[in-house]
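So for the sequence shown, the working numbering puts the first residue at 1086; every next one is plus one. For glycine and all other residues, C-beta sits at the position ideal for the given N, C-alpha and C. To start, the structure under review is shown below, and the notes come after it.
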Amino acid sequence: MARRKKRKVKKEDENSGSSISDGDGIIVLKDLTKKFSDNVVLDNISLTVEKGKTTVIIGPSGCGKTVLIKHLILLLRPSSGEVYFKGRRIDNMNEIELNKIRIRFGFLFQGGALFDSLSVADNITFPIRQHFKIKHWNQYDELVKNKLSMVGLEGFQSFYPSNLSGGQRKRVALARAIALNPEVILYDEPTTGLDPIRSDVINELILKLQRELGVTSVVVTHDMTSAYKIADRIIMLHNGKIIADGDDKHIRNHPHPVVQQFIHGQVNEDDLAVLRASGTIFQTQFLPDDFEE
Ligand SMILES: Nc1ncnc2c1ncn2[C@@H]1O[C@H](COP(=O)(O)OP(=O)(O)O)[C@@H](O)[C@H]1O
Ligand SMILES: [Mg+2]
């Protein structure tokens, strides 16, 4: 068994030109720096995302959380440093190669990004129709039914996004994110703009997907209630660096004053984010077209 594994690694090495031994890490960032002209947003960050766990990234608005999560699937390219998925280096891949990696991810980015002109069912099957040909229509029906039941929206197939509440739209976006049975789900501010009860429904769904499907989750948030509830591990970004990294207890007791200020002052951040949302949603939302070859 061990011998076979060794051979496989060697083969990947030969094919891609670069691989690392990743241990339990499904995604590895190595010495990653991202600059936008003179603005250093991520400053030599190294991070191993553990398989099957929920890693939460926190930090104030503008600290680089979205920039970081986009690097995990190369929606942004690093200024320097490396990104690995399952031991294979991916930051030097072209878009065609990357799309083969990206279909193993689900995304729930800000705004939900549902297509208003498509029904719930068509929104959910959108990524599948883009990547695969399904011969039998009833396969779609089964899949839609299954994904809707995962997010607690049985019977909503023929609804349109305009008939749904904010929380329901997020759940449909989540059903779409899991349409291709992803190994990793990336969430960017999944609870922003939702009231506490609707936020908690999303938290429960994130937990459920991790428990029932064994997915690896990376969640960007500045909602500490959500972070404490769902995280196996919380990472705080500040001035381009990771200043705290550990479980909820570690973060709650962290001696760094910036960490304490953030975790206790998060209500203000949340309110600000809701106010800002109308202006920023379009820039940060993910559209499936981004992946078209
Ligand atoms: N495409 C871009 N071009 C230039 N600057 C950007 C771009 N995307 C993000 N930034 C800058 O990077 C910083 C971090 O942004 P972002 O990751 O969106 O923060 P947040 O932590 O709120 O998600 C901000 O200063 C932002 O202005
Ligand atoms: Mg953001």
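Pick from the options that is closest to residue i, judged by C-alpha positions
i: residue 1182; options: 1195, 1194, 1113, 1159; result: 1159
i: residue 1110; options: 1324, 1174, 1223, 1226; result: 1174
i: residue 1124; options: 1136, 1147, 1131, 1315; result: 1147
i: residue 1275; options: 1318, 1244, 1156, 1258; result: 1258
i: residue 1188; options: 1264, 1168, 1200, 1179; result: 1264
i: residue 1294; options: 1305, 1319, 1262, 1313; result: 1262
i: residue 1327; options: 1344, 1297, 1314; result: 1344
i: residue 1304; options: 1288, 1298, 1297, 1217; result: 1288
i: residue 1161; options: 1179, 1144, 1145; result: 1179
i: residue 1247; options: 1222, 1198, 1297; result: 1198
i: residue 1350; options: 1325, 1309, 1324; result: 1309
i: residue 1299; options: 1266, 1325, 1260, 1130; result: 1266
i: residue 1260; options: 1164, 1231, 1286; result: 1231
CB contact flag (residue i, residue j, <7 Å)
i: residue 1236; j: residue 1206; result: no
i: residue 1241; j: residue 1233; result: yes
i: residue 1154; j: residue 1271; result: yes
i: residue 1062; j: residue 1166; result: Shown here, the chain extends from 1086 to 1378; a query on residue 1062 therefore has no answer.
i: residue 1301; j: residue 1136; result: yes
i: residue 1256; j: residue 1238; result: yes
i: residue 1152; j: residue 1119; result: yes
i: residue 1200; j: residue 1208; result: yes
i: residue 1313; j: residue 1333; result: yes
i: residue 1168; j: residue 1249; result: no
i: residue 1170; j: residue 1186; result: yes
i: residue 1320; j: residue 1336; result: no
i: residue 1122; j: residue 1172; result: no
Buried or exposed by the 16-neighbour rule on C-beta atoms within 10 Å, applied to residue i
i: residue 1149; result: buried
i: residue 1367; result: Low per-residue confidence applies at residue 1367: pLDDT is 37, beneath 50, and the placement is therefore not dependable, though the value from the model is reported in the following sentence. Exposed, since its Cβ has fewer than 16 Cβ neighbours within 10 Å.
i: residue 1224; result: exposed
i: residue 1191; result: buried
i: residue 1251; result: exposed
i: residue 1253; result: buried
i: residue 1194; result: buried
i: residue 1311; result: buried
i: residue 1342; result: exposed
i: residue 1176; result: buried
i: residue 1157; result: buried
i: residue 1273; result: buried
Rounded distance between the beta-carbons of residue j and residue i, thought under 8 Å
i: residue 1112; j: residue 1269; result: 7 Å
i: residue 1133; j: residue 1317; result: That pair is no contact at about 13 Å.
i: residue 1315; j: residue 1291; result: 5 Å
i: residue 1307; j: residue 1145; result: 7 Å
Give a yes or no on contact between the segment 1200-1218 and the segment 1277-1285, applying the rule of three or more CB pairs nearer than 8 Å.
They do not touch, by the three-pair rule.
Beta carbon nearer than 5 Å to a non-hydrogen atom of ligand 4
For ligand 4, the structure offers nothing, since it holds only ligand 1 and ligand 2.
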